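S.K.: Line order of the protein sequences matches chains A and B. Under this note's numbering, residues 1417 to 1845 are what the first sequence spells out, in order. Under this note's numbering, residues 1417 to 1845 are what the second sequence spells out, in order. The beta-carbon is built from N, C-alpha and C at its ideal position, and this holds for glycine as well. Just so you know, these numbers come straight off a predicted model, no measurement behind them. Before we start, here is the structure in question, set down as structure tokens.
There are 2 protein chains.
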Amino acid sequence: MTLHAVPPEGYRILREGDLRDYLAGIPAAAAQLGGPPDGWSINEVGDGNLNLVFIVKGASDGLAVKQALPYVRLVGESWPLPLSRSHYEYLALTHQARLAPGLVPAVLHHDEQLALVAMELLEPHIIMRKGLVAGTIYPAFVDHITIFMARTLFFSSDLALPAAQKKEAIAAFAGNHALCKITEDLIFTDPYRVAEQNRWTSPWLDAAAAQFRDDLDLHVAISRLKLKFLSHAQALLHGDLHTGSIMVTARETRVIDPEFAFYGPMGFDIGAVIANLLMAYLASAGHESEPGARSAFEAWLLETIEQVWSEFARKFLQLWRTEAKGDAYPVSLFPGEAGAARLERERQAYVARLFQDTIGFTAAKIIRRILGLAHNIDFELIEDTRLRATCEARSLRLARKMMVDAASFTTIGAVTQAARAAREWQPEF
Amino acid sequence: MTLHAVPPEGYRILREGDLRDYLAGIPAAAAQLGGPPDGWSINEVGDGNLNLVFIVKGASDGLAVKQALPYVRLVGESWPLPLSRSHYEYLALTHQARLAPGLVPAVLHHDEQLALVAMELLEPHIIMRKGLVAGTIYPAFVDHITIFMARTLFFSSDLALPAAQKKEAIAAFAGNHALCKITEDLIFTDPYRVAEQNRWTSPWLDAAAAQFRDDLDLHVAISRLKLKFLSHAQALLHGDLHTGSIMVTARETRVIDPEFAFYGPMGFDIGAVIANLLMAYLASAGHESEPGARSAFEAWLLETIEQVWSEFARKFLQLWRTEAKGDAYPVSLFPGEAGAARLERERQAYVARLFQDTIGFTAAKIIRRILGLAHNIDFELIEDTRLRATCEARSLRLARKMMVDAASFTTIGAVTQAARAAREWQPEF
């Protein structure tokens, strides 16, 4: 946490006027915006937890400019956070743009000293989570997100990279540990113990929160997942792949905000997507105008959850069959037809193990949004707190089962079936 | 492999005369040796595969000086190898000296540019493997090696280190990938396929070598172990912990040559020790003057194998109970008596998983010494090649079972029992 605890020489927090002068001096930015700098509109719109985000619009086009603050925006200067996260975000964006072109915002400019990234303005894209709260269906989402995950995860893994290159990549992201620590604390630890920052929909969930703090089977399961997060350098993760880190239109998908990027277990990214879709599904009852009003949307969500896994697995396996240039599973050990068949069985077994990881991480990502510090609008916008708590309790029930009894979920269909059952369950408050 | 492929400015291969002048200019070395430099004896004695090793003796005391060559000594300049391995060896020696004082040679001097480490001369210690071939019992070995492994592995793991510190340590060793690559190729790949460098005791083992190259169950198992070696950053390993990397007297033990050090799976180090003791046991029949002449030695070996595991596990668990300052398994999630009991069960489960890893890596370390490039004198000094092949075939039989059916070995007693059965088995040549 000491890295950049004191902002480096040359860093300053930009105000809107500063940013105008700054961008006017960056030819690529000025050209993208067009017209005289005086005519550019600049608005700080960051509603995330960590950074400043400016929307800049010029005569021809726009830009989004993200600047890291030397502390957690949500909390203030008492919680310092290294500016170096902007460096890792830039590294990750570059990696993702190369592997999943068109699925991340194009970067125009990076300033290491100012901890600033200027990128394409995504319009008319909205944060996917907002669209899901509104009950919007995104028909292109499954294909896009599974391309993004299959390619960024596969091509950073030992299946695709020679070991030397992978070790160098791990080292390149090792300094991003302050961001990892946030995940380690807020996802893998605090929701399961008394922690000042925890909150939940009280009084309805007081008993559930207490149960989760006392549930030793759950504590063993979350600790095993945390250990995996700490020690399993499987692939370069986005690290925060929830529906608030995805911007969408009906036709387009862009994954943003990879500042939590590091080498970790693949299931953490996949689980983030599935967890947030499951929460959208179980929160949906809280947004109905009348019972059943969102049933088509909910059916689409369940189908999407199934396809996120099945399409991810299909694309990942296909990459493995055709692009395996890494040091793991050398094809020379699997010669001939019999060898090819055995390797194919092992690929399926690898993906089955990854599915087990995904189930556990999915559960972890749900629980932290209901009992931990950071909540999401899927639930928070349900004004009737008893109804909100009902949706949350259903999610907790599903998540606990997934975490403690992950092995009983052998297919993604078992997950959606359990989600349907949770949707019908009435907690007793 | 490109790192230092061209030796850096200032590097030169030292001759004996150069070394005299060099050491005379290093006050700590000159003081340790004593007397005028002209009176120092200097002999190059390196019988390892990679480096120069000089024994230097002066009026008062001696020194061992190890210099890395920019290529693999065993093969020559056609196989370049980075000098940076000397840097990693020095880092690892420092780490081990801090955690396991008295169990590694004391370092007097390190020269990064010359890729040179000067350290305490170990006298009258001999390479343990030579002692085992001679049938010598080392009563202090179990205690020493289990202290070494328990402490170096525990204190570099997520059980002992905060995540930030562990990530920095992983990055500090990530550049040692050329040495890891040797392991990846020679242990985890080549013995299972046609490779120019493979050799075995022909013609006796021709059929076994062919079977191992065709055995797809074995290829899946070794590939899973390789994947673990590539991606599981569990602890800082010695990385080459065979009985040729251990020097002993009846009372003392020193672990040397940690130039393969990197963050990997703990079972790889533990398996190296157990594998080399199993090979000493199964080679022993080849060194008997008459049947049964080494039975007390062999009984000691089996007992030692059992104790290496059981004492390692005991010491490791005890460290976990008393020194767990890492981010994994936070004690705050296991409060009260019930919590403490549950955490203790989980510690046992962790060690049981580690045992499974150890079984697999043990098998891998045996097979590579019989079918791969680098063999060991346990077998090589058996002059009757048919008898040598018999000992080797027994080892292969045991190792195959351990690798493919690791789950059936739930205790170390099952391993020694299988070793006893292998000792009695007569291969048909």
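Indicate whether at least one CB of chain B lies closer than 8 Å to the CB of residue 1494/A.
M.R.: The sequence position of residue 1494/A within the first sequence is 78, counting from 1. No, residue 1494/A lies away from the interface with chain B (no Cβ there is under 8 Å from its Cβ).
S.K.: Hey, residue 1485/A and residue 1429/A are a contact pair by Cβ (cut 8 Å); roughly how many whole angstroms apart?
M.R.: Walking along the first sequence from the start, residue 1485/A turns up at place 69. Walking along the first sequence from the start, residue 1429/A turns up at place 13. The pair is a contact, with the Cβ atoms about 7 Å apart (cut-off 8 Å).
S.K.: So, for residue 1432/A: in the same chain, excluding its five sequence neighbours on each side, which residues have a beta-carbon less than 8 Å away from its beta-carbon?
M.R.: Looking up residue 1432/A in the first sequence gives position 16. 1458, 1459, 1460 and 1470, listed in sequence order.
S.K.: For a quick check, are the C-beta atoms of residue 1808/B and residue 1694/B less than 8 Å apart?
M.R.: If you number the second sequence from 1, residue 1808/B lands on position 392. If you number the second sequence from 1, residue 1694/B lands on position 278. Going by C-beta atoms, residue 1808/B is not nearer than 8 Å to residue 1694/B.
S.K.: Listing by chain order, which chain A residues have their CB less than 7 Å from the CB of residue 1746/B?
M.R.: Residue mapping note: residue 1746/B aligns to position 330 of the second sequence, counting from 1. Contact note: residue 1746/B reaches chain A through 1605, using a C-beta cutoff of 7 Å and chain order.
S.K.: Excluding the 5 residues preceding and the 5 following residue 1744/B in the sequence, name in chain order all residues of the same chain whose CB lies nearer than 8 Å to its CB.
M.R.: In the second sequence, residue 1744/B corresponds to position 328, counting from 1. Counting only Cβ-Cβ distances below 8 Å, and skipping sequence neighbours, we find 1573, 1574 and 1575.
S.K.: Determine, using beta carbons only, whether residue 1684/A and residue 1595/A come nearer to each other than 8 Å.
M.R.: Residue mapping note: residue 1684/A aligns to position 268 of the first sequence, counting from 1. Residue mapping note: residue 1595/A aligns to position 179 of the first sequence, counting from 1. Contact flag unset, no.
S.K.: If residue 1558/B sits next to residue 1723/B, beta carbons under 8 Å apart, how far is it from one beta carbon to the other, in whole angstroms?
M.R.: Working through the second sequence from its first residue, we reach residue 1558/B at position 142. Working through the second sequence from its first residue, we reach residue 1723/B at position 307. Yes, residue 1558/B and residue 1723/B are in contact; Cβ-Cβ is about 4 Å, under 8 Å.
S.K.: State buried or exposed for residue 1490/A, treating a residue as buried only when at least 16 other CB atoms are found within 10 Å of its CB.
M.R.: Residue numbering aside, residue 1490/A sits at position 74 when the first sequence is read from its first letter. Classification of residue 1490/A: exposed, given that the 10 Å Cβ count is below 16.
S.K.: Taking the C-alpha atoms as reference points, what is the distance between residue 1417/B and residue 1625/B?
M.R.: Here residue 1417/B is taken as the residue at index 1 of the second sequence, counted from 1. Here residue 1625/B is taken as the residue at index 209 of the second sequence, counted from 1. Low local confidence applies: a pLDDT of 39 at residue 1417/B is under 50, so the model's placement there is unreliable, with the coordinate-based value given in what follows. Looking at the two C-alpha atoms, the distance is approximately 29 Å.
S.K.: Do residue 1503/B and residue 1528/B have their C-beta atoms within less than 8 Å of each other?
M.R.: As a working mapping, residue 1503/B is identified with position 87 in the second sequence. As a working mapping, residue 1528/B is identified with position 112 in the second sequence. Cβ distance < 8 Å, so residue 1503/B and residue 1528/B count as in contact.
S.K.: Skipping 5 residues on each side, what residues in its chain have a beta carbon closer than 6 Å to that of residue 1644/A?
M.R.: One-based indexing of the first sequence puts residue 1644/A at position 228. Excluding residues within five positions, the ones whose Cβ falls inside 6 Å are 1681.
S.K.: Does the ligand SAH have even one heavy atom less than 7 Å from the beta-carbon of residue 1715/B?
M.R.: The ligand SAH is absent from the structure shown, which contains no ligands of any kind.
S.K.: Can you tell me which residues form a DSSP beta bridge with residue 1451/B?
M.R.: Within the second sequence, the letter at position 35 stands for residue 1451/B. Per DSSP, none; premise fails for residue 1451/B.
S.K.: Please state whether the Cβ-Cβ distance between residue 1466/A and residue 1497/A is less than 8 Å.
M.R.: Working through the first sequence from its first residue, we reach residue 1466/A at position 50. Working through the first sequence from its first residue, we reach residue 1497/A at position 81. Against a cut-off of 8 Å, the Cβ pair of residue 1497/A and residue 1466/A comes out as a contact.
S.K.: Looking at the strands, I want to know which residues DSSP matches up with residue 1488/A.
M.R.: Residue 1488/A sits at position 72 when you count from the first residue of the first sequence. For residue 1488/A, which the question treats as bridged, DSSP gives the partners 1492/A.
S.K.: Can at least three beta-carbon pairs, one atom from the stretch 1561-1573 of chain B and one from the stretch 1732-1742 of chain B, be found at a separation below 8 Å?
M.R.: yes
S.K.: Along chain A, in chain order, which residues have C-beta atoms closer than 8 Å to that of residue 1755/B?
M.R.: For the purposes of this step, residue 1755/B is taken as the residue at position 339 of the second sequence. Residues of chain A passing the Cβ test: 1632 and 1635.
S.K.: 8 Å is my cut-off, CB to CB: does residue 1420/B come that close to chain A?
M.R.: Numbered from 1 along the second sequence, position 4 holds the residue referred to as residue 1420/B. A caution first: residue 1420/B carries a pLDDT of 45, below 50, which makes its placement in the model unreliable, though a value can still be read off. Output row for residue 1420/B: interface = no.
S.K.: Provide the residue span of the beta strand (DSSP E) that contains residue 1458/B, from first to last.
M.R.: For the purposes of this step, residue 1458/B is taken as the residue at position 42 of the second sequence. Run containing residue 1458/B: 1457-1460, per the beta strand (DSSP E) assignment.
S.K.: To the nearest angstrom, how far is it from the Cα of residue 1566/A to the Cα of residue 1810/A?
M.R.: Taking the first sequence and counting its residues from 1, the one referred to as residue 1566/A is at position 150. Taking the first sequence and counting its residues from 1, the one referred to as residue 1810/A is at position 394. Rounded to whole angstroms, residue 1566/A to residue 1810/A spans 30 Å at the Cα level.
S.K.: Residue 1487/B and residue 1589/B - do their beta-carbons sit closer together than 8 Å?
M.R.: Looking up residue 1589/B in the second sequence gives position 173. Looking up residue 1487/B in the second sequence gives position 71. No, Cβ-Cβ distance for residue 1589/B and residue 1487/B is not below 8 Å.
S.K.: Examine chain B for any beta-carbon lying closer than 8 Å to the beta-carbon of residue 1602/A, and answer yes or no.
M.R.: Your numbering for residue 1602/A matches position 186 in the first sequence. For residue 1602/A, the answer is no, since every Cβ of chain B falls outside 8 Å of its Cβ.
S.K.: Counting only Cβ pairs nearer than 7 Å, list the residues of chain A close to residue 1624/B.
M.R.: As a working mapping, residue 1624/B is identified with position 208 in the second sequence. The contacting residues do not exist; residue 1624/B stays about 17 Å from chain A at best.
S.K.: Which ranges does the alpha helix (DSSP H) cover as unbroken runs of at least 4 residues, wholly within the stretch 1696-1779 of chain A, from first to last along the chain?
M.R.: 1711-1739
S.K.: Using beta carbons (cut-off 8 Å, strictly below), is residue 1500/A in contact with chain B?
M.R.: Within the first sequence, residue 1500/A is the residue found at index 84, counting from 1. No, its Cβ sits nowhere closer than 8 Å to a Cβ of chain B.
S.K.: So what's residue 1418/A in DSSP terms, helix, strand or just coil?
M.R.: What you label residue 1418/A is simply residue 2 of the first sequence in a count that begins at 1. Residue confidence is low: residue 1418/A scores 42 on pLDDT, short of 50, so the model does not pin down where it sits. Its coordinate-derived value is still stated next. Residue 1418/A sits in coil when the DSSP states are folded into three classes, being neither helix nor strand.
S.K.: For residue 1729/A, collect the residues of the same chain with a Cβ closer than 7 Å to its Cβ; drop the 5 residues on either side in sequence, then sort them by chain order.
M.R.: Along the first sequence, read from residue 1 onward, the residue named residue 1729/A stands at position 313. Once the five neighbours on either side are set aside, the close Cβ partners of residue 1729/A are 1767.
S.K.: Relative to chain B, which residues along the stretch 1756-1772 of chain A have a C-beta separation below 7 Å, given in chain order?
M.R.: 1758 and 1762
S.K.: For residue 1419/A, which residues of its own chain have a beta-carbon under 6 Å away from its beta-carbon, when the five flanking residues on both sides are left out?
M.R.: Your numbering for residue 1419/A matches position 3 in the first sequence. Reliability of the predicted coordinates at residue 1419/A is poor, the pLDDT of 44 falling under 50, and no value is obtained from them.
S.K.: Since residue 1572/A meets chain B, which of its residues come closer than 9 Å, beta carbon to beta carbon?
M.R.: Position 156 of the first sequence holds residue 1572/A. Ordered by position in chain B, no residue passes the 9 Å Cβ test against residue 1572/A, which lies about 11 Å from the chain.
S.K.: Determine whether the Cβ of residue 1750/A lies closer than 8 Å to any Cβ atom of chain B.
M.R.: Your numbering for residue 1750/A matches position 334 in the first sequence. Yes, because at least one Cβ of chain B sits closer than 8 Å to the Cβ of residue 1750/A.
S.K.: Which residue comes first and which comes last in the beta strand (DSSP E) that contains residue 1669/A?
M.R.: For the purposes of this step, residue 1669/A is identified with residue 253 of the first sequence, where counting begins at 1. Counting along the chain, the beta strand (DSSP E) containing residue 1669/A begins and ends at 1669-1671.
S.K.: Name the chain B residues that come within less than 8 Å of residue 1579/A, Cβ to Cβ?
M.R.: Here residue 1579/A refers to the residue found at position 163 of the first sequence. Residues of chain B passing the Cβ test: 1593, 1596, 1597, 1600 and 1646.
S.K.: May I ask you to report which of helix, strand or coil DSSP gives residue 1808/B?
M.R.: Position 392 of the second sequence, counting from 1, holds the residue named residue 1808/B. Residue 1808/B sits in a helix when the DSSP states are folded into three classes.
S.K.: Are the beta-carbon atoms of residue 1636/A and residue 1844/B separated by less than 8 Å?
M.R.: Working through the first sequence from its first residue, we reach residue 1636/A at position 220. Working through the second sequence from its first residue, we reach residue 1844/B at position 428. It is not a contact, given that the beta carbons lie outside the stated cut-off.
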